[in-house]
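Peer 1:
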Amino acid sequence: MPSDAALENLARIGQLDKVPFSQDLMTRMLATARSRLTDAQRNENSTETRFDCAYTAIRAIADAALLAHGYRTSTSKPGHHQTTIQCLTHTLSVSVGIVRVLDALRKQRNLSDYDGESITEQALTECIDQALRLQELAVAKLPGAGT
1 MPSDAALENL ARIGQLDKVP FSQDLMTRML ATARSRLTDA QRNENSTETR
51 FDCAYTAIRA IADAALLAHG YRTSTSKPGH HQTTIQCLTH TLSVSVGIVR
101 VLDALRKQRN LSDYDGESIT EQALTECIDQ ALRLQELAVA KLPGAGT
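In this text, residue positions in the sequence shown follow UniProt numbering: the first is 1, and each later residue adds one.
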């Protein structure tokens, strides 16, 4: 299914809301991602904080990519973080394999936040690496993202 059609279908079933594009909002979302990614790389922060910051960077970039296509996730529906991440295949042409990795990081974040599960160094490294790659992709593909 072409990307635009997939996003339209998600809007039709209530997973996405159509919104007007705002360069200012997208710029702020991407600034949030950069700030969180900087915090994720600070060794003086705890592993859990660093992981949460890297994950937030991933989500902010995914939200900005949706906005660039005129959508946002419907936060009144459960699973809006999952939807945001899964839409990366349509918004930034992220491979399905990478989306699976990002979704596993989302699940790990939930286990940490809601069940107190510890974050491993491997999970932290993966999350930071994925956030950095996604940031590079956003700069290359989103209007005005490199400014």
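From the three backbone atoms N, C-alpha and C, an ideal C-beta is built for every residue, glycine too.
Name the DSSP bridge partner or partners of Leu16?
Peer 2: For the purposes of this step, residue 16 is taken as residue 16 along the sequence shown, with counting starting at 1. Looking at the DSSP assignment, Leu16 forms a beta bridge with Thr73.
Peer 1: At a cut of 8 Å, does the region 51-61 reach the region 98-111 through at least three beta carbon pairs?
Peer 2: As far as the Cβ criterion goes, the region 51-61 touches the region 98-111, which means the pair count is three or higher.
Peer 1: Using the beta-carbon count (16 or more within 10 Å), is Gln122 buried or exposed?
Peer 2: If you number the sequence shown from 1, residue 122 lands on position 122. Flag for Gln122 reads exposed.
Peer 1: Leaving out five residues on either side along the sequence, give the residues of the same chain with a beta carbon under 7 Å from the beta carbon of Gly146.
Peer 2: Translated into positions along the sequence shown, residue 146 becomes position 146. Counting only Cβ-Cβ distances below 7 Å, and skipping sequence neighbours, we find Val139.
Peer 1: If I measure Cβ to Cβ from Met1 and keep anything under 6 Å in the same chain, skipping five residues before and after, which residues do I get?
Peer 2: By one-based count along the sequence shown, residue 1 stands at place 1. With a pLDDT of 44 at Met1, under the threshold of 50, the modelled position of that residue is not reliable, and the figure given next carries that caveat. Nothing meets the Cβ criterion.
Peer 1: Using the Cβ count rule (16 or more neighbours within 10 Å means buried), how would you classify Thr73?
Peer 2: For the purposes of this step, residue 73 is identified with residue 73 of the sequence shown, where counting begins at 1. Thr73 should be labelled buried.
Peer 1: Which first and last residues belong to the alpha helix (DSSP H) in which Glu44 is found?
Peer 2: For the purposes of this step, residue 44 is taken as the residue at position 44 of the sequence shown. No alpha helix (DSSP H) contains Glu44, which DSSP labels as neither H nor E.
Peer 1: Are the Cβ atoms of Ala60 and Thr32 separated by less than 8 Å?
Peer 2: Taking the first residue of the sequence shown as 1, we reach residue 60 at position 60. Taking the first residue of the sequence shown as 1, we reach residue 32 at position 32. Yes, Cβ-Cβ distance for Ala60 and Thr32 is below 8 Å.
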